[in-house]
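Under this note's numbering, the first residue of the sequence shown carries the number 414, and numbering increases by one thereafter.
Idealized CB from N, CA, C, for every residue including glycine.
What you are looking at is a predicted structure, and each value in this text was computed from that prediction instead of being measured.
Heads up, the thing below is written out as structure tokens.
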Amino acid sequence: MHAGFPGSPGLWMWRCPHPDWPDRELLLLHAGGFLGGEEPEDGAGLRLFMLQLLLGSVLVYGSGDGSGDAQEQLELLTYAQKLPHHLRLMEEEEDEEDEDHLLRFVLPPFVWSLCSTAQAPEDEELLEAEDHNLEPALASPPGPVARCILTLFPEQKLFRVADSSLEGLTQLCTHLLGCDPKTEPGGAEVGGAYLAALAERVVDAMQEDAVLRIGRLCQEAKEMAQQETGDKWPTATNFWQDDTFLRNSDTSDTIPQHDDISQASSSPWHDNTDGDTTQQQEDTAWVEAPSPHPLSPMPAPLCLVYNSDSNKLSLNPRALAVLRGITQPVVVVAIAGPYRTGKSFLMNRLAERRTGFPLGPTVWAETKGIWMWCLPHPRRHGVALVLLDTEGLGDPQKGDNSNDAWIFSLALLFSSTLVYNSMGTINQQALDQLRLVTELTNHIRVRVEDEDPAAEFSRVFPSFIWAVRDFTLQLREGERLMTEDEYLEDALRLKPGNGRVVQEHNEMRRCLRAFFTHRKLFVLERPTADANLARLEEMQEDELQPRFRQQADAFCQHIWEKSPVKELPGGRQVTGTMLASLVEKYVATIVKGEVPCVESTVMALARTENTAAVAAAVAEYQKGMEQDLVLPMDSRASLVDVHQRWERHAVTLFLSRAFADNERTYQCQLMRELEAAKEEFCRRNEEASEQRCQAVLRELWQDVEHRLQCGDYAAPGGAQLFQDDLCRVLEDYQWWPEKGVKADAVLEVFLREREPLAQALHAIDARLVMMERQREAAAAKEAAAREAEAACLKEQQCSLEEHCRQLEQQLLEEQRLRLKEQNRLLEHRLKEHWTLMEEGYKHEAEKMELQIKQLQEEKKRTENHAWIISTVGLLANVASLFLPGVVGKAVSIVGNMIQRKL
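Quick look at the structure:
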């Protein structure tokens, strides 16, 4: 086929026969047009990325163009950081860290195909030596996207594909073609009907909700596929309750299903009705809440490491998910020993249950691989008890001693206490059954380069407890009673000599003494009669032999009280999450045909844990800062105080979880990230302060703004009024609380923005004042002119009055003289008239009388002031002709004269 995938947007599919498995199909999915390019505004790229993850059984990320920093190419896959916000396994909201672990259970393996130039041979050899694992190839510390990929995806691989060579491409194709088929969360393989239904449900869910609930979507897709095809699926609808996780099409490779486990009573050994009720409630809670709390008991064991009929080891991802959810330290008790010797029965007593690990009534081995049961520790708060029941050694059906050695080696590597269970006594035959101990140097390496393996093994091996079952002998040496431990040490005593027989006799004993520095022996009699052994799970506690109950209780008490927490070299306590990583790495190494190395595994775990410790510490810091900070803070110093408090907490959290950080690489990374987070909070504080101050100033400015709109400042003195109002705003602003660190800066910007307004108001005010002054000057000039005119008029009036007054006086004087003359003449005429009458001059007397009358009339005329008034009025009228301002005054003068004369 020469045609390729188109480049147009969408998710494209190509179905073809699988080249290696004739009974399987190969389905290729390609997101064309989005991934690796610019993200569309509608988020289509992220949705296509999530759809690929949910439909595929492996995700290939192709990047690189032969130049630049390779890790920068990985950091471009920012979709990975968004997955925890858009994908949820459960319906209930889980803690972010727990949810990340659960996503790791359902997401496919991650393969990075890096197109690069020719690689240096030593680098390529290093990549192949690490089995193309991504983490060792990353720079330290990894970037945020790389950390997210290491956390979310169950497996991460790196393949370099060079243009000049087909070797890298061949390795990539070989790896991809060898990947496991697609399965649903319960572990069953799926076909096209399931994928079609799942794609339909996921696309519908993307249109409705931003968060995809994977568990519900997968269950709905499963039901839709069942309705369409009628295929038989596993009956359990909740994958936490069912243990089918491998290919159910191949019956030889499926885990044995123990129906009696789910149906059996989960009550404790000691009869206690209240206790049974409590346990029943706990079991119910487990079913309803598939993501167990770290201290919640599992209702029944799960197969952790499955050993197929072909002696091929594989892991149960569901059991790993349970382990990853345990964030507390773990006490790991593993039991090993010959098959059909009652190991599971003893482990059930440690779990305080009658049933749990399957016992089986036949001579055939019941336990296959390694089964796990996680419980709250019965004596230690905040510690989990992990019980591991291993496949019996020497099973004739298996016929592979090397497989026994690997199972035994894993039990040693996983546990903090190893219980070796055997029957009868400690004799040469029993020691011969422990021949695997002498071969441990071929199956376990402590360091990458070991010089003295035996001395190193004692540092990493668990404490050793030998449980001898069905013991019937008396612990006696001659007449002296022996303790159980003395009996063990006596059995491990070396023989003197150098012969071959002596060396063979001493070899096993020397290994046990060298490898296990902490040794303990418990002997247990047969628990019941032979006829009752087949129904041990059904028997009540009081039906067992009293001596056995006493010995078994002593055994359990010692385990509960003395068994240490699992530790790494250096004393770092192991949590369930860390144990899950160790389990993955050890089993993966064995499956590849290599010898597991404690040192390299611990260093790989340290990289993972330290990266997670940095992320957890930063997350805790950010959570605490978000909780305690009330933005805006009044000063940077107060924010730094909160920062320092949570920084101390974050560093304490980091140091409590990190280990083997000898170069302080991860602590330096933590310092950088905390500093960056602090600066981000400072930036947010400044932003909040800026927004708060701007809001305060807007509120205080409203009255001023209203007065501006009303034109209150557009009047003379308005600039001063504005300045007064502005001062009041500034004063109120200074007293306003909780403004934050940007109070002065925001105020400065505020004043700078209003400065043009103030200047404009000052200019307007200056112009108005100038105009007012000009108006006042003009008015003053006009008033002065009026005053001058009035003064001139007054002067004219005064002059006229003076002229009139003097004229009037002159006229009055003339009147007085005239009247005086007229009176004299009249008196003379009267005397003359009287004389003429007396003398009898009657005719002359009559003439004289006429003259007298004329003279009297003339006197009357002289006595009348009209002629004076007329003369003065004439003067005033004449004066008004050249003195217009005295017109009214002339009338007034004449009027006053008339008033006086009247």
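Starting from residue i, follow its DSSP beta bridges and name the residues at the other end.
i: tryptophan 786; result: Leu800
i: alanine 569; result: Reading off the sequence shown, one finds glutamine at residue 569, where the question assumed alanine. Answer by DSSP bridge pairing, in chain order: Phe523.
i: asparagine 720; result: Leu726
i: lysine 933; result: Ile878
i: proline 940; result: Beta-bridge pairing links proline 940 to no other residue.
i: glycine 475; result: Ser526
i: threonine 988; result: Pro742
i: leucine 589; result: None; leucine 589 has no bridge partner.
i: arginine 356; result: As shown, the chain starts at 414 and ends at 1315. That puts residue 356 outside it, with no answer to give.
i: histidine 443; result: Trp425
i: alanine 1156; result: Per DSSP, none; premise fails for alanine 1156.
i: leucine 715; result: Met785
i: arginine 893; result: Glu890
i: glutamate 980; result: Gln986
i: proline 751; result: Leu806
i: threonine 596; result: Glu602
i: glutamate 438; result: Pro430
Return the residue from the list the options that minimises the CA-CA distance to residue i.
i: serine 1069; options: Ala1025, Phe1094 and Val1043; result: Ala1025
i: valine 616; options: Thr1002, Phe462 and Asp1125; result: Phe462
i: alanine 398; options: Leu763, Gly750 and Leu759; result: For the chain, the structure presents residues 414 to 1315; residue 398 sits outside this window and is missing.
i: aspartate 593; options: Leu728, Gln1267 and Ile857; result: Leu728
i: alanine 713; options: Cys586, Gly782 and Cys787; result: Cys787
i: arginine 1186; options: Ser1212, Val1055 and Pro1129; result: Pro1129
i: cysteine 561; options: Lys979, Leu763, Phe1295 and Leu516; result: Leu516
i: serine 976; options: Ala1132, Leu800 and Gln1219; result: Leu800
i: leucine 1238; options: Glu1270, Gln1223, Leu1213 and His1216; result: Glu1270
i: leucine 763; options: Glu1252, Arg962, Val524 and Arg437; result: Arg962
i: leucine 1206; options: Asp845, Cys1095, Phe1295 and Glu541; result: Phe1295
i: arginine 1020; options: Lys756, Arg1167, Glu1189 and Glu548; result: Glu548
i: glutamine 841; options: Asp903, Val574, Leu1232 and Glu1144; result: Asp903
Between which two residues does the alpha helix (DSSP H) containing residue i stretch?
i: methionine 426; result: Unbroken run through methionine 426 is the beta strand (DSSP E), 423-430; no alpha helix (DSSP H).
i: methionine 1084; result: 1078-1123
i: asparagine 761; result: 756-763
i: threonine 1014; result: 1011-1041
i: asparagine 546; result: Where asparagine 546 is concerned, there is no enclosing alpha helix (DSSP H), given that its DSSP letter is neither H nor E.
i: asparagine 855; result: 853-856
i: aspartate 1145; result: 1131-1148
i: arginine 922; result: 913-928
i: glycine 1286; result: 1279-1295
i: histidine 794; result: First-last for histidine 794: undefined, no H or E at that position.
i: glutamate 1259; result: 1255-1276
i: glutamine 841; result: 841-845
Do residue i and residue j have their CB atoms nearer than 9 Å?
i: leucine 464; j: leucine 520; result: no
i: phenylalanine 566; j: proline 522; result: yes
i: aspartate 1016; j: alanine 1071; result: The amino acid at residue 1016 is misidentified as aspartate; the sequence shows methionine. Not closer than 9 Å, so no.
i: glycine 989; j: valine 743; result: yes
i: glutamate 938; j: phenylalanine 884; result: yes
i: lysine 933; j: leucine 888; result: no
i: leucine 825; j: isoleucine 783; result: no
i: serine 828; j: valine 915; result: no
i: serine 526; j: leucine 585; result: yes
i: glycine 795; j: threonine 754; result: no
i: tyrosine 607; j: glutamate 621; result: no
i: histidine 518; j: leucine 496; result: As written in the sequence, residue 518 is phenylalanine, which differs from the histidine given in the question. No, the pair does not count as a contact, with Cβ atoms beyond the cut-off.
What are the boundary residues of the beta strand (DSSP E) that residue i is part of?
i: leucine 831; result: 830-836
Can you confirm whether the segment 1029-1041 touches the segment 871-879 when touching is taken to mean that 3 or more C-beta pairs between the two stretches lie within less than 8 Å? no
Specify whether the segment 1035-1054 and the segment 1091-1104 touch according to this definition: at least 3 beta carbon pairs, one from each stretch, less than 8 Å apart. yes
Counting pairs of beta carbons, one from the segment 1009-1029 and one from the segment 1074-1086, are three or more of them closer than 8 Å? yes
With three or more beta-carbon pairs closer than 8 Å as the criterion, would you say the segment 550-560 touches the segment 487-495? yes
Quick check: the segment 995-1010 against the segment 1055-1064, are there 3 or more CB pairs under 8 Å? no
Can at least three beta-carbon pairs, one atom from the segment 723-743 and one from the segment 982-1002, be found at a separation below 8 Å? yes
With three or more C-beta pairs closer than 8 Å as the rule, is the segment 972-990 touching the segment 824-841? yes
Any contact of the segment 843-853 with the segment 917-934, i.e. 3+ C-beta pairs under 8 Å? yes
Is it true that the segment 1144-1156 meets the segment 1106-1118, where meeting means three or more beta-carbon pairs spaced less than 8 Å apart? yes
Are there three or more Cβ pairs, one per stretch, closer than 8 Å when the segment 1222-1242 is compared with the segment 1254-1272? yes
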